[in-house]
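Just add 21 to the spot in the sequence shown (first one is 1) and you have this note's numbering.
Glycine included, C-beta positions come from ideal geometry on N, C-alpha and C.
Values in this document were obtained by computation on a predicted structure and should not be read as measured data.
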Amino acid sequence: MFVTIAATVLACVIGVGIILIGTRYLLAPQASASTFGLREWPAEGANGWLNVKGVRDIVSGLVILVPLALGQTQVVGWLLLAAAVTPFADAVIVLRGGGSKRLAYGMHGATGVAVLVAAALFLL
């Protein structure tokens, strides 16, 4: 019972958190760009690309929350396992782009680990 509650809370935090991040990328793309961790920020004309990231993040959160709301916990576990690719890939992008190691490991890497932990809790 505790494992299910812990997994559900963690999945909700991850889902809502990424939706909030995505919303920020839609509402304030330039301000949000620096929080990704890359060394160079996109120019003002790149707001469309930052909006694409915002939509991607919102959809990623919904993909976790919708099956969770429907009680499909095993599906949520598998989706979280697949979704863990995104934060780890983001960390690699930041590192390969010469960006902040602190943000690559501390934000993207830690998020990836949290997603894997939530996936494991659901799949146990």
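Note to self: Tell me the residue span of the alpha helix (DSSP H) that contains Tyr46.
What the structure shows: 23-48
Next item on the list: Assign Thr132 to buried or exposed, taking buried as 16 or more other Cβ atoms, counted over all protein chains shown, within 10 Å of its Cβ.
Entry: buried
Next item on the list: Report buried or exposed for Leu48, applying the criterion of at least 16 other Cβ atoms within 10 angstroms of its Cβ.
Entry: exposed
Check: What residues in its chain sit with their C-beta under 6 Å from that of Leu86, if we drop five residues either side in the sequence?
Finding: Gly36
Check: From Thr56 to Ala90, what distance separates their C-alpha atoms?
Finding: 30 Å
Check: What first and last residue would you give for the alpha helix (DSSP H) that runs through Leu71?
Finding: 68-90
Next item on the list: Count the other C-beta atoms from every protein chain shown that fall within 10 angstroms of the C-beta of Phe23, then say buried if there are 16 or more, exposed otherwise.
Entry: exposed
Item checked: First through last residue of the alpha helix (DSSP H) which encompasses Gln95 -> 94-104
Next item on the list: Whole angstroms is fine: what's the gap from Tyr126's alpha carbon to Thr107's?
Entry: 13 Å
Checklist line | Proximity to Asn68 [Cα-Cα], best of Ala110, Gly120, Val84, Arg45 | finding: Arg45
Check: Helix, strand or coil: which one does DSSP assign to Pro63?
Finding: coil
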